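**Student:**
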């Protein structure tokens, strides 16, 4: 029960649409959120202090009196585990990581073509993000090494590096839920 309470204290819901008031400053927005989210038992002063702490943690001191700005054309970095194909095709660039190593970085729309050129082709029509996740986690049908790599002098070197990376990952695994500890 204690773990659940600690989790609930650290987890919040973020709505898909903008629910912020553009006429409020950064500080006013955080104080407003504190008054809405924090327990009623907390005093007004404690809620203000919590908002101030968040401002410091996020290094927003220089922006505290600025009104919120809603501008288009900004870079947005998104970490998403299984987007729908509609969402996937909205991305400009894709960074696909497997076992801590970059396996693709480039135009999102060209990623499927890239992997098909290496011999990774889905057997059925499927969401690109699902297929790419399968590739990243190693859940694809075993295929032979592409002909382009078959005669490569670097093939053995690459295989040795892959084995080393897998060993290092196993050593560096941290216990789950360590963030709960105060």
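Numbering (the UniProt record's numbering), first residue to last: 1 to 182. Glycine is no exception: its CB is placed at the ideal position from the N, C-alpha and C atoms. Small disclaimer: the values here were computed from a predicted structure and weren't measured.
Could you spell out where the beta strand (DSSP E) holding residue 98 opens and where it closes?
**Tutor:** Within the chain shown, the letter at position 98 stands for residue 98. Run containing residue 98: 93-98, per the beta strand (DSSP E) assignment.
**Student:** Can you tell which of 48, 36, 28, 133 has the C-alpha that lies nearest to the C-alpha of residue 97?
**Tutor:** Translated into positions along the chain shown, residue 97 becomes position 97. Minimum Cα distance to residue 97 is reached at 133.
**Student:** With a cut-off of 8 Å, do at least 3 Cβ pairs link the segment 77-97 to the segment 114-132?
**Tutor:** At 8 Å Cβ cutoff, the stretches touch.
**Student:** Please report how far the alpha carbon of residue 63 lies from the alpha carbon of residue 50, in whole angstroms.
**Tutor:** Mapped onto the chain shown, residue 63 falls at position 63. Mapped onto the chain shown, residue 50 falls at position 50. Distance between the alpha carbons of residue 63 and residue 50: 17 Å.
**Student:** Going along the chain, which residues of its own chain have a beta-carbon closer than 6 Å to the beta-carbon of residue 30, five neighbours each way excluded?
**Tutor:** Residue 30 sits at position 30 when you count from the first residue of the chain shown. Answer for residue 30: 51, 54, listed in chain order.
**Student:** From which residue to which residue does the alpha helix (DSSP H) around residue 113 run?
**Tutor:** Numbered from 1 along the chain shown, position 113 holds the residue referred to as residue 113. Taken as a continuous stretch (DSSP letters only), the alpha helix (DSSP H) holding residue 113 covers 111-117.
**Student:** Going by the beta-carbon positions, is the gap between residue 68 and residue 36 smaller than 8 Å?
**Tutor:** If you number the chain shown from 1, residue 68 lands on position 68. If you number the chain shown from 1, residue 36 lands on position 36. No; because the gap between Cβ atoms is not below 8 Å, this pair is not in contact.
**Student:** Taking residue 105 as part of the beta strand (DSSP E), name the residues at either end of that continuous run.
**Tutor:** Your numbering for residue 105 matches position 105 in the chain shown. Run containing residue 105: 101-107, per the beta strand (DSSP E) assignment.
**Student:** Specify the secondary structure class of residue 137 as computed by DSSP and reduced to three states.
**Tutor:** For this step, residue 137 is matched to residue 137 along the chain shown. Here residue 137 sits in helix by DSSP.
**Student:** Are there three or more Cβ pairs, one per stretch, closer than 8 Å when the segment 112-122 is compared with the segment 77-93?
**Tutor:** Too few Cβ pairs lie closer than 8 Å, so no.
**Student:** Could you check the C-alpha separation between residue 142 and residue 10 for me, to the nearest Å?
**Tutor:** Within the chain shown, numbered from 1, the residue matching residue 142 stands at position 142. Within the chain shown, numbered from 1, the residue matching residue 10 stands at position 10. Any reading at residue 142 must be qualified, since the residue scores a pLDDT of 44, below 50, and its modelled position is unreliable; no value is offered.
**Student:** Please state whether DSSP places residue 177 in a helix, a strand or coil.
**Tutor:** Taking the first residue of the chain shown as 1, we reach residue 177 at position 177. Caution applies to residue 177, whose pLDDT of 40 falls short of 50 and renders its modelled position unreliable; the value that the coordinates give is listed next. Reduced to three states, the DSSP call for residue 177 is coil.
**Student:** Which residues in the same chain as residue 66 place their Cβ atom closer than 7 Å to its Cβ, once the five residues preceding and following it in sequence are excluded?
**Tutor:** Taking the chain shown and counting its residues from 1, one reaches residue 66 at position 66. 25, 26.
**Student:** Measure the C-alpha to C-alpha separation of residue 116 and residue 100 and round it to an integer number of angstroms.
**Tutor:** To locate residue 116, count along the chain shown from 1; it is residue 116. To locate residue 100, count along the chain shown from 1; it is residue 100. Looking at the two C-alpha atoms, the distance is approximately 22 Å.
**Student:** Based on Cα-Cα distance, which residue from 127, 139, 59 lies nearest to residue 89?
**Tutor:** Against the chain shown, residue 89 aligns to sequence position 89. The candidate whose alpha carbon is nearest that of residue 89 is 127.
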